[in-house]
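See structure below.
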Amino acid sequence: MDYRSETTETIRNKCAACFRQFNRKDHLVEHMKISHHSRHEPMCGICKKHCRSFESLREHLIGPLPKQECKNIFSILGCRFCLTILDNSNSRRAHEGRCQFSGVNAGLLARLANLGIHDKLSIDSGRTRGPQVVALACKMVGGGSDGSLDLCARVCIIDEYENIIFHTYVKPPIPVTNYRYETTGIRPEYLREAMPLRQVQKRIQEFLCNGEPMWKIRPKGSKARILVGHGLNHDLDRLQVDYPAMMIRDTAQYPPLMKTSKLSNSLKYLTQAYLGYDIQIGIQDPYEDCVATMRLYMRMRAQNHVKQDHTLANNFDLYRQSELERMSPEELLEISRSDYYCWCLDS
Ligand SMILES: [Zn+2]
Ligand SMILES: [Zn+2]
Ligand SMILES: [Zn+2]
Ligand SMILES: [Zn+2]
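Here our numbering is used: position 144 in the sequence shown is 145, and no number is missing along the way.
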């Protein structure tokens, strides 16, 4: 085999998504079967390489170990928040201005804190359709002998336009042993007369299901709401609310927003990196967390991916091994499917 044919052979066995090269075609086929590459993966706008997460795309474009050609173009035409490539530096400037958010108005937060209960939870009846996507966040105080048991003491729910639907202090069912004042700003007197957890749980549960019995909830076409948040399993557990996983959009569990190590990023980091502002400085308000998670969700939902029918199973089982080995890398990518639900499919 001369040098040229060897090179052609390697190119033929190059993954069309992550560009890994294999000596043998069956190795590429094996790689495709377990990689779950798809049109939904974060992709470099320059060389079209697919990445598992935006963090690995950021490494590819910015560093610490960037691909030099992509880095050079990105530094002129790339948006540092959503990592897309624009046509020219003017459109880049305009785009970045829209892509970067500013923080939630601190004065508004202070006013909210004095509002006490803010309750617009309602079940849609008949033709009036309420918000279909809502974000929820809690702030926890400490219970138990050492104060390490999280107890929900504040909860906020907003709609997709960042309007507050529900915002209240919560009276925990067991004594609070640590108010965590430096971050929560919560004093004993705020919780003494607050809405009891049991009542909060019931209101939220009914609001989310929106008149739909739990067993009837489907991802599409049911009245139940899509719930956005960060680390929602913990929040829902503390609120004692049950909600089906298929209705949950968790920015801590969404693969494109997770670390390369497959651990969750903090909401503070995600907001800084993708929305361009700081949160959770000093006393924290759950409204601020709701807004950040909703903005992240909206950005992920707005991604312009080629629509593929969504199944969580690869199509590889439908083909014989010999057929797969005759396919080009592009054809193999075409039949490959994502192993997570991409939020662009909600739009
Ligand atoms: Zn690959
Ligand atoms: Zn997608
Ligand atoms: Zn690239
Ligand atoms: Zn952008």
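Each residue gets a CB set at the ideal place from its N, CA and C atoms; glycine is no exception.
Mind listing which residues have their beta carbon within less than 5 Å of any non-hydrogen atom of ligand 4? Chain order is fine.
Here the list is Cys80, Phe82, Cys83 and Cys100.
Among Phe102, Ser339, Glu190 and Leu137, the one whose alpha carbon lies nearest that of Thr252
As a first step, residue 252 is located in the sequence shown; it is residue number 251 there, counting from the start. Per the Cα distances, Leu137.
In whole angstroms, what is the alpha-carbon distance linking Pro174 and Lys140?
For the purposes of this step, residue 174 is taken as residue 173 along the sequence shown, with counting starting at 1. For the purposes of this step, residue 140 is taken as residue 139 along the sequence shown, with counting starting at 1. Between the alpha carbons of Pro174 and Lys140 lies a gap of roughly 15 Å.
If we count Cβ pairs, one from each stretch, closer than 8 Å, do we get three or more for the stretch 328-339 versus the stretch 33-42?
Inter-segment contact for the stretch 328-339 and the stretch 33-42 is present: three or more beta-carbon pairs are separated by less than 8 Å.
If Ser223 and Glu213 are in contact, beta carbons under 8 Å, what's the gap, nearest whole angstrom?
The sequence position of residue 223 within the sequence shown is 222, counting from 1. The sequence position of residue 213 within the sequence shown is 212, counting from 1. Contact between Ser223 and Glu213 holds: their C-beta atoms lie close to 5 Å from each other, under 8 Å.
What are the residues that DSSP puts in a beta bridge with Arg296?
Sequence index remark: in the sequence shown, residue 296 carries index 295 (1-based). According to DSSP, Arg296 bridges with nothing at all.
Any idea what DSSP makes of Tyr162, helix, strand or coil?
Reading the sequence shown from its first residue, position 161 is the one you call residue 162. Coil.
Measuring only the C-alpha atoms, how far is Ile158 from His51?
Walking along the sequence shown from the start, residue 158 turns up at place 157. Walking along the sequence shown from the start, residue 51 turns up at place 50. C-alpha separation (whole angstroms): 35 Å.
Roughly how many angstroms lie between the CA atoms of Ile63 and Arg219, to the nearest whole one?
Position 62 of the sequence shown, counted from the first residue, corresponds to residue 63. Position 218 of the sequence shown, counted from the first residue, corresponds to residue 219. Cα to Cα, Ile63 sits roughly 40 Å from Arg219.
Proximity to Lys68 [Cα-Cα], best of Gly46, Asn89 and Cys83
In the sequence shown, residue 68 corresponds to position 67, counting from 1. The residue with the shortest Cα to Cα distance from Lys68 is Gly46.
Quick check: what's the CA-CA separation for Leu122 versus Leu325?
Within the sequence shown, residue 122 is the residue found at index 121, counting from 1. Within the sequence shown, residue 325 is the residue found at index 324, counting from 1. Cα-Cα distance, rounded: 53 Å.
Coil, strand or helix - Asp236 by DSSP:
Counting from 1 along the sequence shown, the entry for residue 236 is found at position 235. Helix, per DSSP.
Closest Cα partner of Tyr341 within the set Tyr255, Asp318, Arg94 and Ile249:
Position 340 of the sequence shown holds residue 341. Taking each of Tyr255, Asp318, Arg94 and Ile249 in turn and checking the Cα distance to Tyr341, the smallest one comes out for Tyr255.
So Ile205 is in the alpha helix (DSSP H); what residue range does that whole segment cover?
Locating residue 205 in the sequence shown gives position 204, counting from the first residue. Leu198 to Cys210 is the span of the alpha helix (DSSP H), which, as asked, contains Ile205.
Pairing CB atoms from the stretch 146-154 with CB atoms from the stretch 168-184, are three or more of them under 8 Å?
As far as the Cβ criterion goes, the stretch 146-154 touches the stretch 168-184, which means the pair count is three or higher.
Please name the residue in Leu346, Glu289, Glu163 and Met328 whose C-alpha comes closest to that of Arg302.
Along the sequence shown, read from residue 1 onward, the residue named residue 302 stands at position 301. Per the C-alpha coordinates, the member of Leu346, Glu289, Glu163 and Met328 positioned closest to Arg302 is Leu346.
Under three-state DSSP, which class holds Arg250?
Locating residue 250 in the sequence shown gives position 249, counting from the first residue. Arg250: strand per DSSP, three-state reduction.
C-alpha gap between Glu194 and Arg155, whole angstroms
The residue labelled residue 194 in the question sits at position 193 within the sequence shown. The residue labelled residue 155 in the question sits at position 154 within the sequence shown. One C-alpha to the other measures close to 13 Å.
Is there at least one non-hydrogen atom of ligand 1 closer than 7 Å to the beta-carbon of Arg21?
Locating residue 21 in the sequence shown gives position 20, counting from the first residue. Yes; taking the cut-off as 7 Å, the Cβ of Arg21 has a heavy atom of ligand 1 nearer than that.
Can you grab the Cα-Cα spacing for the pair Ala246 / His41, in whole Å?
Here residue 246 corresponds to residue number 245 of the sequence shown, with the count starting at 1. Here residue 41 corresponds to residue number 40 of the sequence shown, with the count starting at 1. Spanning the two alpha carbons is a distance of roughly 20 Å.
Out of curiosity, what's the CA-to-CA distance linking Cys291 and Ala18?
By 1-based counting over the sequence shown, the position of residue 291 is 290. By 1-based counting over the sequence shown, the position of residue 18 is 17. In this structure, the straight-line span from the alpha carbon of Cys291 to that of Ala18 is close to 34 Å.
Might you give, ordered along the chain, the residues of its own chain that have their beta carbon closer than 7 Å to the beta carbon of Leu237, omitting 5 neighbours on each side?
Against the sequence shown, residue 237 aligns to sequence position 236. Taken in chain order, the residues that qualify are Tyr244.
Quick check on this structure: which residue in Pro65, Ile166 and Ser103 has the alpha carbon closest to the alpha carbon of Gln273?
Translated into positions along the sequence shown, residue 273 becomes position 272. Nearest option by C-alpha distance: Ser103.
Find out if the Cβ-Cβ distance for the pair Arg226, Cys153 is shorter than 8 Å.
Here residue 226 refers to the residue found at position 225 of the sequence shown. Here residue 153 refers to the residue found at position 152 of the sequence shown. For Arg226 and Cys153, no; Cβs fall outside 8 Å.
Along the chain, where does the alpha helix (DSSP H) containing Asn73 start, and where does it finish?
Taking the sequence shown and counting its residues from 1, the one referred to as residue 73 is at position 72. Counting along the chain, the alpha helix (DSSP H) containing Asn73 begins and ends at Gln69 to Leu78.
Cys83 and Arg300 - do their beta-carbons sit closer together than 8 Å?
On the sequence shown, position 299 is the one that residue 300 refers to. On the sequence shown, position 82 is the one that residue 83 refers to. Result yes, Cβ atoms of Arg300 and Cys83 sit closer than 8 Å.
Return the CA-CA distance between His294 and Ser348, expressed in angstroms with no decimal places.
Translated into positions along the sequence shown, residue 294 becomes position 293. Translated into positions along the sequence shown, residue 348 becomes position 347. A small correction: the amino acid at residue 294 is Thr; His does not occupy that position in the sequence shown. Approximately 17 Å, taken between the alpha carbons.
Taking the Cβ atom as the reference point for each residue, do Ile249 and Leu233 lie within a distance shorter than 8 Å?
Position 248 of the sequence shown holds residue 249. Position 232 of the sequence shown holds residue 233. Contact flag set, yes.
The alpha helix (DSSP H) that contains Thr184, what's its start and end?
Residue numbering aside, residue 184 sits at position 183 when the sequence shown is read from its first letter. DSSP places Thr184 inside the alpha helix (DSSP H), whose first and last residues are Tyr182 to Thr185.
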